[in-house]
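Residue numbers (UniProt numbering): 1 to 76. Note that CB positions come from ideal geometry on N, CA and C, so glycine has one too. Here's the structure we're looking at; comments come further down.
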Amino acid sequence: LDIHVWPDYHGNRSPVADASLRGMVTGLSLSATEDDLACLYLATIQALAYGTRHIITEMKRCGHVISTVYLCGGLR
Numbered sequence: 001l002d003i004h005v006w007p008d009y010h011g012n013r014s015p016v017a018d019a020s021l022r023g024m025v026t027g028l029s030l031s032a033t034e035d036d037l038a039c040l041y042l043a044t045i046q047a048l049a050y051g052t053r054h055i056i057t058e059m060k061r062c063g064h065v066i067s068t069v070y071l072c073g074g075l076r
């Protein structure tokens, strides 16, 4: 599947700082198999990871030293 996610549904706060940006998902079909949903989940996680990397890259470019990144979250 060729699914792409742009996760800025409520604008981008960092590092672009453009509140007018909007998110999107491309490549969806009407199929809702377990594999299709897994691919959508993977695309979403990858989009969030790339966004996080973009923030860290920009912070390093501005001189910040980042040695550790703590993440948390989960399902209810």
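Once you ignore the five residues that flank residue i on each side, which residues in its own chain have a CB closer than 7 Å to its CB?
i, result
"Ile55", "Ser14 and Pro15"
"Gly23", "Trp6, Pro7, Asp8 and Tyr9"
Does the CB of residue i have a neighbour CB from chain C at under 8 Å?
i, result
"Asp36", "Within the model displayed, chain C is absent; a lone protein chain is all it includes."
Does DSSP put residue i in a helix, in a strand, or in coil?
i, result
"Gly11", "strand"
"Thr26", "strand"
"Val5", "strand"
On a CA-only basis, which of the options is nearest residue i? Give me that one, please.
i, options, result
"Pro7", "Gly27, Cys39 and Thr44", "Thr44"
"Val69", "Leu75, Lys60 and Arg76", "Lys60"
May I ask which residues mark the beginning and end of the alpha helix (DSSP H) holding residue i?
i, result
"His54", "Glu34 to Arg61"
Among residues of its own chain, excluding the 5 on either side of residue i, which ones have a beta-carbon nearer than 8 Å to its beta-carbon?
i, result
"Ile66", "Ile56, Met59 and Lys60"
Starting from residue i and walking both ways along the beta strand (DSSP E), at which residues does that stretch end?
i, result
"His64", "Per DSSP, His64 belongs to no beta strand (DSSP E) and is neither H nor E."
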